[in-house]
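> Supplied in structure tokens, the structure appears directly below.
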Amino acid sequence: MQGKKILVTGGTGQVAMPVAEALAPDNEVWCLGRFGDPAARKALEEMGARTFTWDMSTDELAELPGDFTHVLHSAVHRGDGKDFAETARINAAGTARLMTHCSGAEAFLYVSSGVVYNRADSTHRYREGDAVGGAVPWLPTYPVGKLAAEGVARGLAEALGLPTVIARLNIAYGPYGHGGVPMILFKQMRKGQPCAVPRQGQNYCNLLHTDDLVRQVPLLWGAAGTPARVVNWGGDEEVGMTDLLEYMSELTGVPIQLDRSDYSRETAIFDHEVRRGLIGDCSIGWKSGIARTLAEVFEEYRDRIDAHVIDAHVIDAYADEQAAEQGAEH
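In terms of numbering that gives the first Met the number 0, the sequence shown has 127 at position 128, counting the first letter as 1, and numbering is strictly consecutive.
Put into structure tokens, the structure is as follows:
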């Protein structure tokens, strides 16, 4: 993508920052956020992005240019877990202000979440038309905020004639921001804190690496339409969260403590038929992505991780050779 004027909200976040970094060299990129961390703002500006302070709960956008060609709206007010009305208001009003201000854009991408699904079965592959109304015990207001913003995005896409795509994100991770849920869990492991998992079985998800996320944003803009299009957005592979913890322990040597309880962080598996039909497959396998991210975020484990990955590749290559030889014999 080149020569476009792009607006990104939540500029220092897990989704927005790598997208801004990737697009800034060839486009005019503006990043909106509260910028409580001056260092993060400086980093965005050093990579070529322009920054604009915006609190989506209160601030109007009159002083911001309105001639953006593409918008990525990933800013979110998660709420305090108790004030549902205020969480819904802030996310709905912020999204409405942004879409109205940028009504002439070629495409508007709203980053929603898989938390909106009404999840009752950990093995169900959720499709875009499945029931919504999700509940998450770790932050009950979060799904309400996402659903409120989705409703505004749907309504204004048609009222303004603004091509819109709503991407329901699974679990994104990579060497930006806090690193995503996998790195949050690894930090718990390093501190010797137990990681909550279900009493029976394990939760499953679709991990999406930053590299795939960045590559797919322009493709999602290309899929925007009126009425707004809803797309599940996650990695191709289905990953067990307990398997993830065990793999991170295997790579680093950091032990894990599993806390089997009723309060694990519930995740969801997506059906990706719609996404694959629109923008194709992902390119980063979850194990290689996790190894790379751990090595980048926690440099003290880099040598161990590199050695483990090399050994694993040698073993896999040997297994492939053996299988090929046995096939030739038969």
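For every residue, glycine included, the Cβ atom is placed at its ideal position computed from N, Cα and C.
Give me the Cα-Cα distance between F107 and R275, rounded to the nearest whole angstrom.
20 Å
> By a C-beta neighbour count over all protein chains shown, 10 Å radius and 16 as the cutoff for buried, is H72 buried or exposed?
buried
> Starting from the C-beta of V14, find all residues in its chain whose C-beta is less than 8 Å away, skip the five residues before and the five after it, and write them out in chain order.
Closer than 8 Å at the Cβ level, and outside the excluded window around V14, lie L71, S73, V110, L168, A171 and L212.
> Excluding five sequence neighbours on each side, which residues of the same chain lie with their C-beta closer than 7 Å to the C-beta of G80?
These residues qualify, in order along the chain: L138, P139 and T140.
> Report buried or exposed for A61, applying the criterion of at least 16 other Cβ atoms within 10 angstroms of its Cβ.
exposed
> If you draw a straight line from the alpha carbon of A147 to that of A87, how long is it in whole angstroms?
5 Å
> Could you give the DSSP three-state label for W232: helix, strand or coil?
strand
> Starting from L6, follow its DSSP beta bridges and name the residues at the other end.
W29 and V70
> Is F67 closer than 8 Å to K4 when the C-beta atoms are compared?
yes
> Taking the C-alpha atoms as reference points, what is the distance between M16 and G179?
13 Å
> CA-CA distance, S56 and I89?
5 Å
> For T251, count neighbouring C-beta atoms within 10 Å of its own C-beta (all shown protein chains included) and say buried if the count is 16 or more, exposed if not.
buried
> Taking all protein chains shown into account, do 16 or more other C-beta atoms lie within 10 angstroms of the C-beta of H177, making it buried, or fewer, making it exposed?
exposed
> Hey, how far is the Cα of Q192 from the Cα of E272?
38 Å
> Can you list, in chain order, the residues of its chain whose CB lies under 8 Å from that of V238, leaving out five sequence neighbours each side?
Y203, C204, N205, L206 and W285
> Around the C-beta of I309, are 16 or more other C-beta atoms found within 10 angstroms, so that it is buried, or is it exposed?
By the neighbour-count rule (16 or more Cβ atoms within 10 Å), I309 is not buried but exposed.
> So, does the region 150-167 touch the region 220-228, judging by three or more C-beta pairs under 8 Å?
yes
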